[in-house]
Amino acid sequence: MTPGFSMTHLSSCRGRPPARMVLLVLVGLVACAPVSEAPEVRDVPPGEVSRRIVQGTDAPDDVGTVALVARRTRCGGESPLLLCSGVLIAPDVVLTAAHCLDLFGAEGAHEVFFGTVLSPTPEVSGRFIRVSRATLHPSYVPSTHAYDAALLRLAAPVDVAPVPLPGVGVSMSVGTPVRAVGYGDTKDANAPSGRRRQGALQVTSVEPAAFRAGPAPGMSCVGDSGGPVLAGDGVLIGLTVSGDVACRAEAVNVRVDALLEDFIRPFLASAPPATEPTLQPEALCREACERDAECPSGLTCVVTDGAPGRCLLPALREGSFGATCTEDAMCGAGGRCARLESEGDDACRCFTPCTPLPPDPEPEAPDEASGGGCSSAPGLVIFGVLALAGVKQRR
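If you read the sequence shown in the numbering used here, its first letter stands for residue 19, the second for the next number, and so on.
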């Protein structure tokens, strides 16, 4: 949160972007200012324009607030890609906003981060846990953010206290003070996103399944979507989902009590049975798969152009994971030190593509006439080729 929290993941664009945009994000080229469909900013009286309205502070004690990130594939030199925030509601369940999954889809490769500082370098004491399953609220409407909620099942439970849920029909009124927490933008160049922060707001209007809040003086901003909005006693009463483009006038929040009976409680009561992968990481180039459950470490069984199914991460080519490693130099010609697991001594393994990578193209001379446009985002490089056409996942 922050001087400013989240209203959307990565940008305020709604709907799942085309595959071409996904590829651009994966190679770290997109860094444009967000565009919002949220309510317009209300007029600010003269003399108030330069006054900071969104104010926040660090939130070291809110250990149940997490960051939602794209699943990492490199074991060095890769900054996590922050998508949104989220909140732990059971030892292995995180609640977040449904639109936070737009970029990679509900079946995409995601992780959550437990810790105070995510970026540019995650704190050593932080922990990443893989998301094994994601479910969107059945009544979610992207254009209005109605029931903008998703539940994430973690691959392993964590020893962190979940944030308490409210009762059904919790009392809420205009003027009620609330507190939002998230990892989003602060609108302050000296306090970048990627750090868990909190801010004070107050309720300005209440609807059956949502409520709006204004600065008191905190305000949510880009990157805080999916993060918790807490009552004074620490109970989870809301979920940040949208707001004005300037992050200074209005925050839109889904009411958590409106999600309990038909969404949250049935999900908590229906833990999927444990599955035991049958394919070994070292043999993925020669052994075909038929369904995701056969693949190790949450890899996906993917079929491309009618070829046999292979277990892979969407950000990588088909390949096998061999010996443990700490850097690319340990993996020989054509190999890379890749992240098979989110954490642990065997997390990083030498990845070898099933077919050799093409040679690097010759660098082109810079175009002196070009300029402007999106700024680059150095530091985020995800290697491999994304299969953007003719891909079918086998469930």
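Every residue gets a Cβ at the ideal spot worked out from N, C-alpha and C, and that includes glycine.
Keep in mind that this is a model prediction, so the values were computed, not measured.
DSSP places serine 211 in the coil class of the three-state scheme, outside both helix and strand.
Taking proline 371 as the centre and dropping the five residues before and after it, the same chain places the C-beta of Arg335, Gly337 closer than 6 Å to its C-beta, in chain order. CA-to-CA, the gap between arginine 230 and valine 270 works out to about 5 Å. The beta-bridge partner set that DSSP reports for phenylalanine 146 consists of Phe131.
When DSSP reads this structure, phenylalanine 339 sits in a beta bridge with Phe369. In terms of CA proximity to cysteine 366, Ala347 leads the group Ala351, Thr373, Ala347. In this structure, the alpha-carbon of aspartate 203 lies about 40 Å from that of glycine 327. Residue pairing of valine 111 in beta bridges, as defined by DSSP: Ala108, Arg171. Between the alpha carbons of phenylalanine 285 and glycine 82 lies a distance of about 19 Å.
With respect to leucine 254, proline 184 sits close: the two C-beta atoms are nearer than 9 Å. Within the same chain, and ignoring the five residues on either side of alanine 311 in sequence, the residues whose Cβ sits closer than 6 Å to its Cβ are Thr293. Pairwise C-beta distances place the segment 237-245 in contact with the segment 101-118, as three or more of them are shorter than 8 Å. In this structure, the CA atom of valine 135 is about 24 Å from the CA atom of alanine 168. Distance between alanine 306 and threonine 373, taken at the CA atoms: about 15 Å. For the set Arg273, Ser360, Ala198, the Cα lying nearest the Cα of threonine 75 is the one of Ala198.
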